[in-house]
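To start, the structure itself, in C-alpha cells.
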Amino acid sequence: MPFPRHTKNTDAGRADATRRLDIPESARPLRLARIDATGIAAIHLIALLAFVPWFFSWTGIVLALLGLYVFGTLGISLCFHRMLTHRGLVCPKWFEHSLAILGLCCVQDTPARWVGIHRRHHEHADEQPDPHSPLASFLWAHIGWMLFRNRELTRIRLVSRYAKDVMRDPFYAKLEQNFRWVRVVLISWLGFFASAFLVELVVGGSALDAIQFGFSVLIWGVFVRTVLVWHITWSVNSVTHTWGYRNYDTDESSRNNLIIGFLSNGEGWHNNHHAAPRSARFGHRWWELDVTWVTIRLLSALGLARKIVTPYPSLAITADVDRHGV
Ligand SMILES: [Zn+2]
Ligand SMILES: [Zn+2]
1143 MPFPRHTKNT
1153 DAGRADATRR
1163 LDIPESARPL
1173 RLARIDATGI
1183 AAIHLIALLA
1193 FVPWFFSWTG
1203 IVLALLGLYV
1213 FGTLGISLCF
1223 HRMLTHRGLV
1233 CPKWFEHSLA
1243 ILGLCCVQDT
1253 PARWVGIHRR
1263 HHEHADEQPD
1273 PHSPLASFLW
1283 AHIGWMLFRN
1293 RELTRIRLVS
1303 RYAKDVMRDP
1313 FYAKLEQNFR
1323 WVRVVLISWL
1333 GFFASAFLVE
1343 LVVGGSALDA
1353 IQFGFSVLIW
1363 GVFVRTVLVW
1373 HITWSVNSVT
1383 HTWGYRNYDT
1393 DESSRNNLII
1403 GFLSNGEGWH
1413 NNHHAAPRSA
1423 RFGHRWWELD
1433 VTWVTIRLLS
1443 ALGLARKIVT
1453 PYPSLAITAD
1463 VDRHGV
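Residue numbering for the sequence shown is 1143 to 1468, as defined by the numbering used here.
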C-alpha cells in the first residue's frame, strides 16, 4: 500500500457522495451467495433470541459489551485492519496470532480474505470495482455486497492478488484450508457455553440453571456481540462513505462520522484513514477519539508493538470541516 496515497483533490467530483455507481460488473448478474447469506441470516435470527427473557443474564450483557472491544477492536480494527492490511504496526508473532484469533471469532472470514477485500476497496474506493461503495446503494455497501457472488472476490483471486504477504505466514495459510477458520469460530462458541455452564455448576446451580446460564452467555456474549460488531464494521463501509465531514480532499467520498467514529473505537474517522492509509493512528483532530490508537500506544509501552506508522508529517488538514457538516 503506497503511503500517503492521496492528499490532493485531483477530481472534485469523486468526493461527491451523491454520485451514482452501478454495482461491480463482476457481481452481475446477481446470484445469491447461498452459504454466506444463510450464515448472515441465521446469526441475526439467533441473536434475536436475546429478546426472550429466558436467555437474559447480566453476565451475558457485560460479556457482549466487553466483546465489542476484545473481539471487534482488538481482533478486527487493530489486527485485521491496521496491522495485517495496512502494516501500520508490528507485534510479536505470538501476540499477532492471538489477536488474529480474536478477529476470526468475529465471523468476518479469514485474515487473508479480509485483507484482500479491504485492499481492493482502497485500490478502487468509490470507483466501479469497489466491492462495497455506497454510491451503488447504501444497502449494497452495508450488507448487499456479501449476499451475492462476486467473481473478483473469490478466495483464490483475492488472496493471490492482494494478500500474498499474509499467506507467507504458515499460520494464516493454514486457516485457508479445510474451513479451519470456521472450526475456530465453533470452538470459541462452545467455549463460551461450556465455561458458563461449568461456572454455574461450581457455584451450586442446578443442571437447568447451568444450561440457562450457558445459553444466556452464548446468545449475548457471542451472537448479539457478533451482530453488533458486524454492523459497526459494515457501517464503516456504508455510513462513512456517505455522511460526515472531511478533513482531507481525498479522491473518493470517505467521511469522518462522529457516531461511527466513537462506536467503532476509531475506525469511523474514515476520511483521515483514506488520506493516510498506512497510519496506525486514525484520529487526527483532538476530539477524534481513537481507542484503537490508544491501545496501540499502550501496547508499545508494554513492548508489544513497534514500527508504528503515524500520519506523514506533510499531511495537512485541507478541507473545511464546517462546509461538509457532520
Ligand atoms: Zn473506505
Ligand atoms: Zn483501510
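Ideal Cβ placement from N, Cα and C applies to all residues, glycine included.
Remember, predicted model here, so these are calculated numbers, not experimental data.
What is the C-beta distance between I1203 and W1362, in whole angstroms, given that I count them as a contact (C-beta under 8 Å)?
As a first step, residue 1203 must be located in the sequence shown, where it is residue number 61. As a first step, residue 1362 must be located in the sequence shown, where it is residue number 220. Correct: roughly 6 Å between the Cβ atoms.
Do F1424 and H1412 have their C-beta atoms within less than 9 Å of each other?
As a first step, residue 1424 is located in the sequence shown; it is residue number 282 there, counting from the start. As a first step, residue 1412 is located in the sequence shown; it is residue number 270 there, counting from the start. Yes, they are a contact pair.
Based on DSSP bridge pairs, tell me the residues matched to V1232.
Residue numbering aside, residue 1232 sits at position 90 when the sequence shown is read from its first letter. According to DSSP, which records beta bridges pairwise, V1232 is partnered with R1448.
Identify whether L1174 lies in helix, strand or coil by the three-state DSSP scheme.
Reading the sequence shown from its first residue, position 32 is the one you call residue 1174. Correct three-state label for L1174: strand.
Determine the closest residue to A1356 out of S1337, H1239, Q1250 and S1348, with distance taken between C-alpha atoms.
Here residue 1356 refers to the residue found at position 214 of the sequence shown. In the sequence under discussion, the amino acid at residue 1356 is Gly, which differs from the Ala named in the question. Nearest of S1337, H1239, Q1250 and S1348 to G1356, Cα basis: S1337.
Any residues whose CB sits closer than 6 Å to a heavy atom of ligand 1? List them in chain order?
H1263, A1267, H1383, S1396, H1412 and H1416
To which residues does DSSP link W1362 through a beta bridge?
Position 220 of the sequence shown, counting from 1, holds the residue named residue 1362. Looking at the DSSP assignment, W1362 forms no beta bridge with any residue, so it has no partner.
With a threshold of 7 Å on Cβ separation, who are the neighbours of V1366 within its own chain once the five nearest residues in sequence on each side are excluded?
Within the sequence shown, numbered from 1, the residue matching residue 1366 stands at position 224. Closer than 7 Å at the Cβ level, and outside the excluded window around V1366, lie A1189, A1192 and A1206.
Decide if D1153 is buried, meaning its Cβ has at least 16 other Cβ atoms within 10 Å, or exposed.
Position 11 of the sequence shown, counting from 1, holds the residue named residue 1153. With a pLDDT of 47 at D1153, under the threshold of 50, the predicted position of this residue should be treated as unreliable, though the coordinate-derived value follows. By the 10 Å Cβ count, D1153 comes out exposed.
P1419 Cβ short of 8 Å to ligand 2 heavy atom set
Position 277 of the sequence shown, counting from 1, holds the residue named residue 1419. At least one heavy atom of ligand 2 is nearer than 8 Å to the Cβ of P1419, so yes.
Could you tell me if the beta carbon of H1260 falls within a distance shorter than 8 Å of some heavy atom in ligand 2?
The sequence position of residue 1260 within the sequence shown is 118, counting from 1. The answer is yes for H1260.
How far does the alpha helix (DSSP H) with H1263 in it reach, from first residue to last?
Along the sequence shown, read from residue 1 onward, the residue named residue 1263 stands at position 121. Residues P1253 to E1265.
Could you check the C-alpha separation between S1421 and T1227 for me, to the nearest Å?
As a first step, residue 1421 is located in the sequence shown; it is residue number 279 there, counting from the start. As a first step, residue 1227 is located in the sequence shown; it is residue number 85 there, counting from the start. Distance between the alpha carbons of S1421 and T1227 is about 11 Å.
Give a yes or no on whether the C-beta atoms belonging to F1237 and L1446 are separated by under 9 Å.
Taking the sequence shown and counting its residues from 1, one reaches residue 1237 at position 95. Taking the sequence shown and counting its residues from 1, one reaches residue 1446 at position 304. Result yes, Cβ atoms of F1237 and L1446 sit closer than 9 Å.
Inspect the CB distances between the stretch 1252-1263 and the stretch 1298-1310 and report whether three or more fall short of 8 Å.
yes
Coarse secondary structure for W1385, derived from DSSP in three states:
As a first step, residue 1385 must be located in the sequence shown, where it is residue number 243. Residue state, collapsed to three classes: coil.
Measure from the alpha carbon of H1284 to the alpha carbon of each residue in R1293, F1290, R1388 and H1274, then state which is nearest.
Counted from its first residue, the sequence shown places residue 1284 at position 142. Cα-wise, what sits closest to H1284 is H1274.
Whole-number beta carbon distance between I1243 and V1326, since they are thought to touch under 8 Å:
Here residue 1326 refers to the residue found at position 184 of the sequence shown. Here residue 1243 refers to the residue found at position 101 of the sequence shown. V1326 to I1243, Cβ: 6 Å. Contact.
Have a look at R1161 and L1277 and give me their C-alpha separation to the nearest angstrom.
Position 19 of the sequence shown, counted from the start, is the residue given in the question as residue 1161. Position 135 of the sequence shown, counted from the start, is the residue given in the question as residue 1277. Distance between the alpha carbons of R1161 and L1277 is about 6 Å.
Nearest-angstrom Cα distance between V1378 and S1396?
Locating residue 1378 in the sequence shown gives position 236, counting from the first residue. Locating residue 1396 in the sequence shown gives position 254, counting from the first residue. Going by the C-alpha atoms only, they are around 9 Å apart.
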